[in-house]
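A short write-up of the structure that comes next.
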Amino acid sequence: MGDHMSVDIFGIGSLDVEHQRELVRKHLMNLTTSYSDESDVFTEVLQNAIDAIALRDPIANPDGGNLTIVVGRRTDNAHYLYVQDDGVGMSEELVDRVFIPGYSFGKKHGKSIGYKGVGMSYIVAVSDHIAIRSVKEGLPTDRTILHTNDWVTDSEKPQPTVDDSFSAPQLVKGLADGITRGTGVYFEFHSGSDPKSLDNLVIVTDGIEKELRYWAGFLCAKTPLGLATSTLVQQSNPMKVQFIVDRGDDVVFEEPFIRDVYAPDQGKLGYPFPETVFVVGVDTNTIDSTPVSQHNLKHARRHQAVFHEWSGPEFIEEMVLDDDEKTLLLKHLHWVRGYLCYSTDVMKQVKKNMGTRGPAVRYGARLAVDGAPQGRPLDLSLTSDQGLDRQTHIVLGFSELELDTGRKFVSNEKILHAINKVNQRVVTKLKDYRWALKIKDRVPIETDLAEWIKSVDERAGNSSLPALFAALGATPPARVDPNDEQEVIALWTALVTTAELPGFAMKALSGYNRYDALATIGDDAMTPTGSLAAVSPDYAPKENAVLEFKVSFDSLISDFEAKVKIPSEVDVVVCWDCTDLNLRVGRLEPTYGKWKHARPFRAVSYIWHDDASSTHFNVISLKNVIAELLVAHALPGGLSALGVLENRDDAKLV
Numbered sequence: 001m002g003d004h005m006s007v008d009i010f011g012i013g014s015l016d017v018e019h020q021r022e023l024v025r026k027h028l029m030n031l032t033t034s035y036s037d038e039s040d041v042f043t044e045v046l047q048n049a050i051d052a053i054a055l056r057d058p059i060a061n062p063d064g065g066n067l068t069i070v071v072g073r074r075t076d077n078a079h080y081l082y083v084q085d086d087g088v089g090m091s092e093e094l095v096d097r098v099f100i101p102g103y104s105f106g107k108k109h110g111k112s113i114g115y116k117g118v119g120m121s122y123i124v125a126v127s128d129h130i131a132i133r134s135v136k137e138g139l140p141t142d143r144t145i146l147h148t149n150d151w152v153t154d155s156e157k158p159q160p161t162v163d164d165s166f167s168a169p170q171l172v173k174g175l176a177d178g179i180t181r182g183t184g185v186y187f188e189f190h191s192g193s194d195p196k197s198l199d200n201l202v203i204v205t206d207g208i209e210k211e212l213r214y215w216a217g218f219l220c221a222k223t224p225l226g227l228a229t230s231t232l233v234q235q236s237n238p239m240k241v242q243f244i245v246d247r248g249d250d251v252v253f254e255e256p257f258i259r260d261v262y263a264p265d266q267g268k269l270g271y272p273f274p275e276t277v278f279v280v281g282v283d284t285n286t287i288d289s290t291p292v293s294q295h296n297l298k299h300a301r302r303h304q305a306v307f308h309e310w311s312g313p314e315f316i317e318e319m320v321l322d323d324d325e326k327t328l329l330l331k332h333l334h335w336v337r338g339y340l341c342y343s344t345d346v347m348k349q350v351k352k353n354m355g356t357r358g359p360a361v362r363y364g365a366r367l368a369v370d371g372a373p374q375g376r377p378l379d380l381s382l383t384s385d386q387g388l389d390r391q392t393h394i395v396l397g398f399s400e401l402e403l404d405t406g407r408k409f410v411s412n413e414k415i416l417h418a419i420n421k422v423n424q425r426v427v428t429k430l431k432d433y434r435w436a437l438k439i440k441d442r443v444p445i446e447t448d449l450a451e452w453i454k455s456v457d458e459r460a461g462n463s464s465l466p467a468l469f470a471a472l473g474a475t476p477p478a479r480v481d482p483n484d485e486q487e488v489i490a491l492w493t494a495l496v497t498t499a500e501l502p503g504f505a506m507k508a509l510s511g512y513n514r515y516d517a518l519a520t521i522g523d524d525a526m527t528p529t530g531s532l533a534a535v536s537p538d539y540a541p542k543e544n545a546v547l548e549f550k551v552s553f554d555s556l557i558s559d560f561e562a563k564v565k566i567p568s569e570v571d572v573v574v575c576w577d578c579t580d581l582n583l584r585v586g587r588l589e590p591t592y593g594k595w596k597h598a599r600p601f602r603a604v605s606y607i608w609h610d611d612a613s614s615t616h617f618n619v620i621s622l623k624n625v626i627a628e629l630l631v632a633h634a635l636p637g638g639l640s641a642l643g644v645l646e647n648r649d650d651a652k653l654v
């Protein structure tokens with residue numbers, strides 16, 4: 001065999017610096033569009049910090065390490081994340097290498113736990129302001145990188161700037177100045193990052209103390225901060241976590257935790273298993289240990305949920321697997337934890353208790369690798385008992401399981417097939433205890449009716465619909481503003497029959513599978529006349545326009561996340577309100593009131609764009625429509641209602 005030749009197979013070596021830089025830019029652009037998830041920034045930064053702590057000499061450092069997390073949701077919209085560790089620290093050379101595409105600090109040393117992400121290069125690619133300080137052997141290294149995302153998304157923009165300073169808010173600088181060994185990473189959110197701001201991931205209206213707990217729960221569910229281990233394993237020397245929320249203007253709240261099991265009220269952070277968030281239900285061991293003669297007395301129809309944890313080998317031995325599947329599972333699967341609730345309302349209560357906007361803990365099967373929760377839950381793929389797939393939460397505890405880089409799912413088809421078998425077996429075992437689960441109680445009809453009438457009367461006193469429809473010479477569909485989807489449909493139908501919304505003709509409202517309604521949007525909807533007229537039409541009439549009805553636009557985002565709706569198939573969304581322009585998925589562009597110059601056809605209040613700006617559809621917010629009609633007909637409250645909406649949306653525009 002001849003000598004090895006140095007051959008530039010792909011011609012990369014022959015490219016000049018400018019072309020090589022363009023290749024890197026396109027690679028980074030691919031990262032921002034292919035792998036972007038609202039938790040990726042948090043995951044990557046926390047992953048590297050936890051890895052750095054794990055790399056310390058355990059003899060010289062018997063403690064579990066110290067982690068500081070700052071969530072900066074400031075009133076000036078300069079939102080940021082800062083994570084600081086007391087790990088091994090990095091030399092100047094290593095700091096400069098950390099941002100190379102695909103580079104991972106922990107993987108470099110063979111000790112990265114759990115999630116095998118796309119590396120810190122993703123963090124840089126989506127940032128326009130990132131700063132890092134690392135101290136190793138007493139020697140500090142500072143870097144601040146600006147405008148990377150501007151350049152990644154637009155090659156005509158200037159290249160990113162890098163200098164040897166640490167540019168961050170004063171609170172963060174003060175923390176970074178205290179590093180004697182370890183690393184601090186500051187990331188500033190902006191219109192090109194995902195998320196764009198920190199206003200829409202957790203509830204932020206319950207006070208700063210609760211907001212901190214909500215952020216802690218969100219990060220425990222979404223990132224390696226949420227240690228997911230067997231309940232049979234006692235944690236020794238747990239990591240200490242100092243959690244801080246910075247609201248700006250010296251409004252700061254902080255709270256200490258340890259990284260253990262999820263019990264925030266006890267100062268502990270871990271993976272939020274449903275039974276630890278909403279403390280109801282019973283371990284099936286408790287039921288099994290009860291004498292059979294007392295089963296009905298103590299358990300029948302008494303529990304909101306049942307759960308259990310099995311050891312991996314114990315569970316695997318009960319299953320029918322081929323040799324390869326059994327070998328793979330015995331090597332990697334160490335424990336299985338299953339949870340079955342009597343109603344989807346229980347999972348809704350879990351979400352409410354955690355204070356997250358979207359369901360951070362949801363039905364399906366979650367993989368935990370080396371203690372770190374991974375990506376989105378897997379569908380359970382049940383062949384029967386389909387109703388149970390939305391009432392079951394499973395966590396599978398693996399070690400050393402290879403995941404597809406960045407995408408966070410199992411790359412080995414053989415083991416993925418085995419995992420599906422495990423999930424089905426968990427559901428089969430838990431459903432044997434359905435006799436112990438409650439049946440949803442019914443409120444006495446007279447109480448239910450009285451409460452309903454009272455609430456309707458209260459709502460009717462605040463509605464402007466009767467006065468508006470009187471001015472339109474029509475009968476209002478109801479005397480209350482919409483509070484559910486049926487009332488949205490009724491109000492929309494009533495408006496379509498008036499002279500205010502010509503050009504819309506409903507074809508069907510019955511719905512079909514995941515579609516709500518069909519309509520014809522005709523030429524009359526494109527004319528620049530009337531109070532809700534199209535001013536800048538760029539929309540052609542359409543015969544079979546797919547309409548989606550919602551009370552709040554935000555609930556449609558939840559449908560997109562759960563993959564029960566497809567954005568590209570929606571033509572028009574008719575909802576009552578769009579509470580926030582900055583969404584978990586995509587963004588809203590106002591086209592009503594003072595922004596009506598951008599309105600594509602009659603009554604459109606917003607245009608929704610996906611994060612990649614590849615898909616968009618029109619949104620008719622009936623709350624906005626009513627406000628504009630009140631103004632057009634000089635009715636009381638119109639100007640103030642429209643002003644409130646405009647001021648709200650103005651504050652959210654970036």
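Here full-length UniProt numbering is used: the first residue of the sequence shown is 1, the next is one more, and so on.
No residue lacks a Cβ here, since even glycine has one placed at the ideal position from N, Cα and C.
Nothing here was measured: the structure is a model prediction, and the numbers come from that model.
Check, Outcome
"Go through its chain and collect everything with a Cβ distance to HIS141's Cβ below 6 angstroms, but skip five positions before and after it.", "What sits at residue 141 in the sequence shown is Thr, not His. So the list reads GLU92, VAL95 and SER134, once near-sequence residues are dropped."
"So, with DSSP's three-state summary, where would you put GLU543?", "strand"
"Look up MET239 in the DSSP assignment and say whether it is helix, strand or coil.", "coil"
"Using the beta-carbon count (16 or more within 10 Å), is GLN234 buried or exposed?", "exposed"
"If you count every other CB in all the chains shown that lies within 10 Å of the CB of LYS348, and 16 or more means buried, which is it?", "exposed"
"Anyone know if the C-beta pair for LEU622 and VAL631 falls short of 8 angstroms?", "no"
"Can you confirm whether the stretch 310-318 touches the stretch 358-376 when touching is taken to mean that 3 or more C-beta pairs between the two stretches lie within less than 8 angstroms?", "no"
"Over the uninterrupted alpha helix (DSSP H) stretch that includes residue 724, give me the two end residues.", "There is no way to answer for residue 724, as the model of the chain reaches only from 1 to 654."
"Could you tell me which of SER613, TYR592 and ALA460 sits nearest to VAL644, measuring between CA atoms?", "TYR592"
"If you draw a straight line from the C-alpha of PHE42 to the C-alpha of LEU219, how long is it?", "7 angstroms"
"Could you tell me which of VAL320, LEU330 and PRO359 sits nearest to THR344, measuring between CA atoms?", "PRO359"
"With a cut-off of 8 angstroms, do at least 3 Cβ pairs link the stretch 533-546 to the stretch 556-564?", "no"
"Are there 16 or more other CB atoms within 10 angstroms of the CB of GLN47, so buried, or fewer, so exposed?", "buried"
"May I ask which residues mark the beginning and end of the beta strand (DSSP E) holding GLU325?", "Element bounds for GLU325: not the beta strand (DSSP E) but the alpha helix (DSSP H), 323-332."
"With respect to the beta strand (DSSP E) encompassing CYS575, which residues constitute its N-terminal and C-terminal limits?", "572-577"
"Measure how close the beta-carbons of VAL70 and ILE244 come, nearest whole angstrom, since I'm counting them as under 8 angstroms.", "4 angstroms"
"State the beta-bridge partners of HIS308 as determined by DSSP.", "GLY338"
"Do PHE617 and MET526 come within 8 angstroms of each other at the CB atom, strictly closer than that value?", "no"
"Using a Cβ-Cβ cutoff of less than 7 angstroms, which residues in the same chain neighbour PRO528 once the five nearest sequence positions on both sides are dropped?", "ALA534 and VAL535"
"Could you tell me whether the stretch 149-167 touches the stretch 70-84, where touching means 3 or more Cβ pairs closer than 8 angstroms?", "no"
"Suppose you measure from the CA of THR229 to the CA of LYS240; what does that come to, to the nearest Å?", "17 angstroms"
"Would you call the CB atoms of PHE549 and VAL488 closer than 8 angstroms?", "yes"
"Can you list, in chain order, the residues of its chain whose CB lies under 6 angstroms from that of TYR82, leaving out five sequence neighbours each side?", "VAL70, VAL172 and TYR186"
"On the DSSP bridge assignment, give the partners of THR161 in chain order.", "LEU146"
"Rounded to the nearest angstrom, what separates ARG213 and LYS507 at their Cα positions?", "48 angstroms"
"How would you write the range of the alpha helix (DSSP H) that HIS417 sits in, first residue to last?", "413-431"
"For the beta strand (DSSP E) holding ALA519, just list the boundary residues, first then last.", "517-521"
"Give the range of the beta strand (DSSP E) segment to which ASN187 is assigned.", "The question names Asn, but residue 187 is Phe in the sequence shown. Start and end: 182-188."
"Give the DSSP-derived three-state secondary structure of TYR122 in the structure shown.", "helix"
"Taking C-beta to C-beta, are ILE394 and ASN412 nearer than 8 angstroms?", "no"
"Note down the Cα distance separating VAL572 from VAL88, rounded to an integer number of angstroms.", "53 angstroms"
"Among HIS303, THR276, PHE278 and PRO272, which has the Cα closest to the Cα of THR286?", "HIS303"
"Let me know the secondary structure DSSP gives PHE166 once reduced to three states.", "coil"
"Are the stretch 196-204 and the stretch 248-266 touching, with three or more C-beta to C-beta distances below 8 angstroms?", "no"
"What three-state label does DSSP hand TYR606 in the structure shown?", "strand"
"I'd like the list of long-range same chain contacts for LYS111, defined as Cβ closer than 6 angstroms, with 5 residues on each side in sequence excluded.", "Since pLDDT at LYS111 reaches only 43, below the 50 mark, its modelled position is unreliable, and no value is offered."
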